[in-house]
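Residues 338 to 591 in this note's numbering are what the sequence shown lists, from first letter to last.
Heads up, the thing below is written out as structure tokens.
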Amino acid sequence: MLKWCSYCQQFLGEVPDYDNFAISHGACPECHAATLEHGDVDLTRPLLLKAVQRKLWTAGLENNLAAAAKVIDDAASTGLRPVDILIGMLAPMLYQVGEDWKKGVLSVEQEHSFTAFCEQVIDLVSTKIKLSTPLNSTSDGAILLMNAPGNVHTLGLRIIALWLASKGKVATILDKQYDAAHLLKRIKTTRTKLLLISVALPAQYNGVNEIVERVAELANPIRPRVVVGGSAVKLGLIPPIRGADLMADISLLS
Ligand code: B12
Ligand SMILES: [Zn+2]
């Protein structure tokens, strides 16, 4: 489920079940403290979140980018962060599209059209985030993001890079397949501290395992932390990988 703060409307992360994309409400630590103090509860907030989600879904089905831009702008004017809309609404919509496509509710063309729409929404939000990222943002050391060998699902990587950017962390997406030798060289030259690998299908497990084994051969100060996520992890389809942490939700990283 998708947990949002009912008060300031920040996306707080996902909670099990990870294949249920209903919005659940909670309070972030700041708002929790404030509600204990003042005791006031604003029930209009959860309603607003659901309306944003519904309008965005309709815009996606109609491939209406202008409508999506308006939904995002209107939501932003009430305090919703565009990046939270991506990670807490758009990403789960893509999951829903996958389910609907599997059940035959959506055709392959509709699935492709929705995916292309999401690419454009990410482009849109990407410009907004670049505008609003503080200039003095710092990075904890290089972060590299890559797909598991053979994984062609690219939207997740883009959303994660934007989410990290919103936290002032610069992450580079390796957009072509690197062989292990190139990857290790890149890790050394960029002093990578964190390697994030995205795996969509269980069949991509072996390729990830091989990469993790090679990274594990690096000496300690050079060796980055390796975190593996993606839909195969979220849905519990792959076993643990020695030398890497499996993480269902990127917001667990902070
Ligand atoms: C769009 C899509 C495609 C597009 C991709 C286009 C593109 N440019 O990305 C295309 C048509 C190319 C495609 C192809 C295939 N797809 Co596809 N696809 C999808 C769909 C509908 C959406 C994917 C997506 O973008 N999701 C949204 C993103 C944001 O989610 P995400 O990648 O999981 O990332 C989030 C988290 O997992 C996490 N995360 C991701 N990576 C990482 C990494 C780390 C370190 C961490 C911490 C977190 C993290 O953060 C992200 C933000 O929340 C999914 C449905 C689904 N359940 O996701 C199916 C889906 C993933 N595809 C599926 C399949 C079967 C395929 C194909 C094999 C064949 C097919 N029939 O379409 C091929 C082969 C792909 C391959 N070799 O990798 C299946 C996988 C089934 C399974 N569990 O094994 C799914 C689940 C559809 C389904 N319901 O059956 N696909
Ligand atoms: Zn809050």
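Think of the CB as a built atom: it goes at the ideal place given N, C-alpha and C, for glycine as much as any other residue.
The count of Cβ pairs closer than 8 Å, one atom from the region 520-530 and one from the region 456-466, stays below three, leaving the stretches out of contact. Taken atom to atom, the span from the alpha-carbon of A485 to that of Y515 is near 10 Å.
By alpha-carbon distance to L501, the top candidate from Y432, D586, G363, A388 is D586.
Fully contained in the region 349-424 are the following beta strand (DSSP E) runs of length 3 or more, in chain order: 360-363. Contact between I548 and I559 is ruled out by a C-beta separation of about 15 Å, above the 8 Å threshold. Here the distance from the Cβ of S444 to the nearest heavy atom of ligand 1 is not below 8 Å. Where V434 is concerned, the enclosing alpha helix (DSSP H) starts and stops at 428-440.
Nearest Cα to A540 within the set Q390, K467, P576: P576. At a cut-off of 8 Å, the beta-carbon of E367 counts as near ligand 2: some heavy atom of the ligand is closer than that. Excluding five sequence positions before and after L385, the CB atoms of its chain that fall closer than 7 Å to its own CB belong to T415, given in chain order. Distances taken from the Cβ of K340 to the heavy atoms of ligand 1 include none shorter than 8 Å. Across the structure, T491 and A556 are spaced so that their CA atoms are roughly 30 Å apart. For R562, the uninterrupted beta strand (DSSP E) run begins and ends at 562-566, by DSSP. DSSP places D516 in the coil class of the three-state scheme, outside both helix and strand. Here the region 510-524 does not lie against the region 427-439, with fewer than 3 beta-carbon pairs under 8 Å apart.
Beyond the five residues adjoining it in sequence on each side, Q347 comes within less than 8 Å, by CB distance, of W341, C365, R418, D421 in the same chain, given in chain order.
Listed as beta-bridge partners of L555 by DSSP are no residues whatsoever.
In this chain, A537 is not harboured by any beta strand (DSSP E), its DSSP state being neither H nor E. Under the DSSP assignment, A502 falls in the alpha helix (DSSP H) whose first and last residues are 492-503.
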